[in-house]
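Visitor: Numbering of the sequence shown is given in our numbering, commencing with residue 77 and proceeding in unit increments. I have a structure I would like to understand better, so I am pasting it below and will then ask my questions one at a time.
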Amino acid sequence: MSVDVPASRELAGIAELAARATGDRLRTAFRSRPEVDLKRDFHDPVTEHDRAAEETIREVLAEHAPGSAVVGEEGGVGGGDGDLRWFVDPIDGTANFAVGLPFFCVSIGAAVGDELVAGVVYDPVRDDMFTATLDGATCNGEPIRSRGATRDETAVLVTGYPNAREMHRRGEESLRRFGSLVNAFATVRRPGSAALTLAHVAAGWADVAYGTSVNAWDVAAAVLLVRQAGGTYLPLNGEPGGHDWEAPGYLACVGGFDLDGSVIADVAGLVNAGEPA
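Next comes the structure, spelled out in structure tokens:
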């Protein structure tokens with residue numbers, strides 16, 4: 077299956093439909109303090125709204141792109157066995173959603189073979205739709221460009237590092253690394269949604285983003301979004317020959333940022349051939 081620009085736009089339109097179909101439910105449930113279940117541990121929450129939103133998305137995708145496969149955070153692999161695969165996170169930032177913090181999103185990315193061809197990141201609270209196609213990136217239909225700070229001293233870094241797994245793995249060393257980031261960057265923030273953070277890098281609302289524990293459904297849409305907006309997305313710690321969106325870590329920045337001169341390059345393991353974080 078080959079995808080050209082018109083086909084990419086069509087797939088992005090389908091993803092937009094699927095994402096918006098969840099909007100009313102998520103806005104209604106937001107700040108209702110829904111019951112929370114746990115998956116791997118108490119750091120990994122899920123609600124009934126995650127599951128219901130993913131089911132809604134699957135229904136829309138099945139209607140408009142029959143035969144395509146869906147890889148979802150809550151429901152796993154389903155759908156057909158066609159070349160087109162959708163990577164779906166119905167609520168990226170569930171912990172925020174569950175307690176009423178307005179930083180979460182719906183993420184839907186489309187891949188054909190080895191290529192990401194379309195993606196959307198939808199912020200239902202602000203009703204912002206970030207869309208990536210093979211010919212560009214937009215927010216609410218307006219083109220976006222990933223431009224901002226060029227060096228650490230004037231940049232905003234958004235990161236979830238270190239999370240509980242890094243703390244368990246590295247202990248005090250992870251805190252030392254985090255401290256070096258706090259000292260180097262103008263501002264460091266930890267809002268808690270990889271996909272929405274990356275969308276903000278694509279829009280130039282944040283300058284650098286670093287994550288170490290993500291899945292394909294978290295970042296597939298955002299990888300294309302950042303790159304099509306003119307930013308940089310580097311996969312970290314992936315398997316040799318693997319897809320960029322399957323790597324468990326990432327480093328992203330706005331276009332023109334001096335990554336080689338940044339402290340984040342060292343922390344992320346891009347220099348000195350050290351073991352990556």
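Here a beta-carbon is modelled for each residue, glycine too, at the ideal position from N, C-alpha and C. Since the structure is predicted, the reported quantities are computational estimates derived from the model, not experimental observations.
#1: Which residue wins for smallest C-alpha separation from N239, given the options V232, H125, G247?
#2: Measuring alpha carbon to alpha carbon, tell me which residue in R223, D199, G185 is nearest A208.
#3: With burial defined as no fewer than 16 other Cβ atoms inside 10 Å of the residue's Cβ, what is the status of E229: buried or exposed?
#4: Taking DSSP as the reference, what is the three-state secondary structure of I214?
#5: For D159, report the span of its alpha helix (DSSP H) as first-last.
#6: Let's see if you can read the secondary structure: which residues bound the beta strand (DSSP E) around P121?
#7: Just to confirm before moving on: does the CB-CB distance between E130 and G151 stay below 7 angstroms?
#8: Quick check: the Cα distance between V234 and A296, rounded to an integer number of angstroms?
#9: Which one of F163, A225, S338, V188 has the shortest CA to CA distance from V196?
#10: Assuming the contact rule is C-beta atoms closer than 8 angstroms, C215 and D204 should be a hit. Round their C-beta distance to whole Å, please.
#11: Buried or exposed for T263, going by 16 or more other Cβ atoms inside 10 Å?
#12: Rounded to the nearest angstrom, what separates G89 and L210 at their Cα positions?
#13: From R241 to A174, what distance separates their C-alpha atoms?
#14: Closest to L274 by CA distance: which of C329, D80, A94 is it?
#15: Considering only their Cβ atoms, is the gap separating A94 from V136 smaller than 7 angstroms?
#16: Taking all protein chains shown into account, do 16 or more other C-beta atoms lie within 10 angstroms of the C-beta of D117, making it buried, or fewer, making it exposed?
Guide: With the given structure in hand:
#1: G247
#2: G185
#3: exposed
#4: According to the sequence provided, residue 214 is Thr. The question's Ile does not apply to it. Strand at T214.
#5: DSSP places D159 in no alpha helix (DSSP H); its state is neither H nor E.
#6: Unbroken beta strand (DSSP E) run through P121: 121-123.
#7: yes
#8: About 18 angstroms.
#9: F163
#10: 6 angstroms
#11: exposed
#12: 13 angstroms
#13: 21 angstroms
#14: In this structure, C329 is the residue among C329, D80, A94 with its C-alpha nearest to the C-alpha of L274.
#15: A contact, by the Cβ cut-off of 7 angstroms.
#16: exposed
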